[in-house]
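Notes to accompany the following structure.
Number of protein chains: 2
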Amino acid sequence: MREVATNPDKEPASRTIERDLRRRIEDGDLAVGDRLPSERNLAEQYGVARNTAREAIRLLAEQGLVTIRHGSGVTVRGKTRLLRFGSERYARTLRQETGLSPFRAEVSRQGREASVDCRSITRISPPAEIAERLQIDPETETVVRRENWYYADNEPMQVGVTFAPWSIVEGTPVADSAQMGKGSLYARFEERGHAITTIREEVTARMPTPDEAKGLRIPDAVPVLEVTHTGIDQNGAPFEVTIFTMRADYNGLDYRMPVED
Amino acid sequence: MREVATNPDKEPASRTIERDLRRRIEDGDLAVGDRLPSERNLAEQYGVARNTAREAIRLLAEQGLVTIRHGSGVTVRGKTRLLRFGSERYARTLRQETGLSPFRAEVSRQGREASVDCRSITRISPPAEIAERLQIDPETETVVRRENWYYADNEPMQVGVTFAPWSIVEGTPVADSAQMGKGSLYARFEERGHAITTIREEVTARMPTPDEAKGLRIPDAVPVLEVTHTGIDQNGAPFEVTIFTMRADYNGLDYRMPVED
DNA sequence: TAGTGGTCTAGACCACCAT
DNA sequence: TGGTGGTCTAGACCACTAT
């Protein structure tokens with residue numbers, strides 16, 4: 625074919641197809657979980673090359689509206705309820721009363737099953753950004769690095785990497801036991817004289833790295849929230865830093881705090 | 625050409641080209657701002673079709689490593705310093721001492737020039753999510769809707785849409801003046817008996833809609849932070865909700881708060 | 001106007017998934 | 001095995017940007 629067919633003047637054919645499909649999704653004509661027409665089918669319907677139909681679907685995927693699965697088609701992606709995390713997740717009463725870690729509490733509140741997996745515990749020299757937040761000398765002091773993975777219904781939700789000065793955690797389960805829920809982590813710190821009194825959370829968002837996308841099984845067009853959490857004790861001294869990486873479509877933050885004068 | 629050329633066995637040619645280019649970027653061979661070879665040039669170098677080289681560049685853009693500009697090429701994207709916003713932005717002392725709104729203060733701290741543009745002020749029935757947070761009846765009460773755009777060096781950074789009950793703002797500049805910085809907004813509320821005492825901020829992230837990407841001039845592969853901010857007065861009553869949409873590569877949040885028992 | 005990216009064609013073969 | 005998406009070719013014309 626030579627002529628531009630249905631859009632002699634302006635809009636690219638791929639955008640027309642994209643718009644048509646998006647409209648069908650928004651109108652509910654294509655419901656969550658429904659299969660879109662195949663690329664070859666769309667190409668025939670619109671009288672375009674397969675690559676053109678393919679481009680339309682790529683645009684939808686970029687907007688997070690559909691999920692592409694090699695070999696089995698393209699389906700409408702559903703909106704999901706967010707897991708919400710706030711400062712109360714560090715409260716001692718929550719720790720004591722429910723016996724559940726905050727992650728488990730929030731997940732089971734939604735009727736889903738939580739699990740936490742401690743992937744590794746190592747002793748390392750702290751990266752510069754960690755040393756800075758812990759106010760320690762990266763040349764002379766070492767830290768423990770704990771990597772936890774958090775799941776809801778066996779789907780990975782978050783990764784949390786905790787750093788704490790070796791001098792604080794030495795000899796405690798924080799430094800050598802994989803059998804310790806998040807909730808009890810702060811109980812261990814408290815036994816060593818560091819009660820969590822203030823938290824600082826730095827939040828930003830970005831696209832996942834290819835490794836993160838694979839590890840967390842993140843679909844296209846879903847960013848991650850990156851939360852750098854610092855635990856500060858009753859003396860105003862930082863004693864623990866955790867970097868959380870969360871799927872942004874499944875996780876949200878909900879903070880409530882006083883405004884200082 | 626018929627054979628798969630350089631990768632008879634496994635890796636797609638586009639991935640090879642992508643990897644080569646990413647390596648050159650990471651090694652500094654291609655520095656920030658440098659132009660990548662053109663699609664046609666890459667195609668010739670690697671002995672592939674132009675579409676294949678194009679796919680490699682698309683993959684880099686998806687990872688946020690390069691900026692594509694129609695007609696003028698593909699350049700290496702630089703890392704940018706974040707503007708950081710925390711709860712102190714609502715402090716009365718900041719308001720009184722600097723005379724600057726928190727946005728202006730943070731931007732000028734980085735040696736850049738801030739500007740704020742009030743795009744519209746309207747009176748509407750509140751959307752359900754807003755009414756819920758303001759604890760008002762969406763059927764009988766109306767709200768003012770103020771849309772502010774925030775710029776640094778004339779580049780759009782954030783959009784903030786503020787909602788407040790009409791009964792509170794009626795007759796004040798909040799409801800009818802476009803000439804009012806953000807800092808003074810809370811002074812106006814205070815004059816009406818609502819001192820901001822607690823804030824709630826709900827944070828999530830997502831890819832921008834096509835409209836947002838265009839309006840905020842957001843490049844590919846950059847998500848937005850969406851912050852739903854609720855201002856709560858000395859009586860614990862919410863009096864104002866603002867929804868901020870921020871480019872995540874230029875903006876971050878930095879909260880410090882006490883842990884409740 | 002020359003060079004860039006944006007879109008498109010009409011095929012082809014490969015990789016994956018369900019039946 | 002048949003249908004799906006993944007990748008690719010060797011062209012073409014259009015739209016945009018700089019000179």
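From first to last, the protein sequence lines are chains A and B.
When we follow the numbering used here, the leftmost residue of the first sequence carries the number 625, and every step to the right adds one.
When we follow the numbering used here, the leftmost residue of the second sequence carries the number 625, and every step to the right adds one.
Ideal Cβ placement from N, Cα and C applies to all residues, glycine included.
A quick note: this is a predicted structure, and the numbers were derived from the prediction, not measured.
Exposure label - residue i; buried when at least 16 CB within 10 Å
i	result
B/Asp873	buried
A/Thr833	exposed
A/Val888	Because chain A spans 625 through 885 in this model, residue 888 of chain A falls outside it and cannot be assessed.
B/Gln858	exposed
A/Ala776	buried
B/Pro847	buried
B/Ser725	buried
B/Ala755	buried
B/Ser638	buried
B/Arg713	buried
A/Gly860	exposed
B/Thr704	exposed
B/Ala680	buried
A/Ala677	buried
B/Glu635	exposed
B/Met625	Residue confidence is low: B/Met625 scores 33 on pLDDT, short of 50, so the model does not pin down where it sits. No coordinate-derived value is stated.
B/Gly695	exposed
A/Gly735	exposed
A/Gly784	buried
Bridge partners - residue i, DSSP secondary structure assignment
i	result
B/His818	Looking at the DSSP assignment, B/His818 forms no beta bridge with any residue, so it has no partner.
B/Ala776	B/Ala738 and B/Glu779
B/Arg830	B/Val848
A/Phe868	A/Gly784 and A/Val851
B/Pro862	B/Ile856
A/Arg769	A/Thr746 and A/Phe787
B/Glu825	A/Tyr879 and B/His853
B/Val700	B/Val690
B/Arg659	B/Thr699
Cβ-based neighbour list, residue i, same chain, cut-off 8 Å, excluding 5 preceding and 5 following
i	result
B/Arg747	Thr766, Val767, Val768, Arg769, Trp790 and Ala799
A/Arg701	Val656, Gly688, Leu689, Val690, Thr691 and Pro843
B/Asp644	none
A/Pro750	Leu758, Ile760, Pro762, Glu765, Thr766, Val767 and Phe787
B/Val740	Ser725, Phe727, Arg728, Asn772, Trp773, Tyr774, Tyr775, Gly805 and Lys806
B/Asp633	Any reading at B/Asp633 must be qualified, since the residue scores a pLDDT of 46, below 50, and its modelled position is unreliable; no value is offered.
Own chain partners of residue i with C-beta closer than 7 Å, once the 5 adjacent residues on each side are dropped
i	result
B/Thr828	Glu850
B/Leu654	Arg648, Leu660 and Val700
A/Thr821	Ile856, Asp857 and Gln858
A/Arg871	Met781, Leu840, Ile842, Val846 and Val848
A/Arg664	Arg674
A/Arg816	Ile792 and Thr796
B/His818	Ile792, Asp857 and Phe863
B/Arg812	Thr796, Pro797 and Val798
A/Arg824	Thr854 and Ile856
B/Leu684	Glu642, Leu645, Arg646 and Val690
B/Leu809	Val798
Residue i: first and last residue of the uninterrupted beta strand (DSSP E) it sits in
i	result
B/Ile760	Unbroken run through B/Ile760: none, as it is neither H nor E.
A/Gly695	A/Gly695 -> no beta strand (DSSP E), and no H or E assigned at all.
A/Leu706	From DSSP, A/Leu706 is part of no beta strand (DSSP E); its letter is neither H nor E.
B/Pro882	Asn875 to Pro882
Extent of the continuous alpha helix (DSSP H) run through residue i
i	result
B/Tyr670	Glu663 to Tyr670
B/Thr676	Arg674 to Glu686
A/Ser732	Pro726 to Arg733
A/Ser791	Trp790 to Val793
A/Pro797	Pro797 to Asp800
B/Ile641	Ala637 to Glu650
Proximity test, residue i beta-carbon vs the ligand MG heavy atom, cut-off 7 Å
i	result
A/Arg705	As presented, the structure is devoid of all ligands, the ligand MG included, so that no description of it is given.
Neighbourhood of residue i by C-beta distance below 6 Å, restricted to the same chain and skipping five residues each side
i	result
A/Thr852	Glu826 and Ile867
A/Glu737	Asp777
B/Val698	Leu660, Ile681, Val690 and Ile692
A/Ile745	Arg770
Taking contact to mean 3 or more Cβ pairs, one atom from each stretch, closer than 8 Å, check whether the segment 874-885 of chain A and the segment 653-664 of chain B are in contact. The segment 874-885 of chain A, when compared against the segment 653-664 of chain B, does not touch it at the 8 Å Cβ threshold.
Does the count of Cβ pairs from the segment 705-716 of chain B and the segment 666-680 of chain B closer than 8 Å reach three? no
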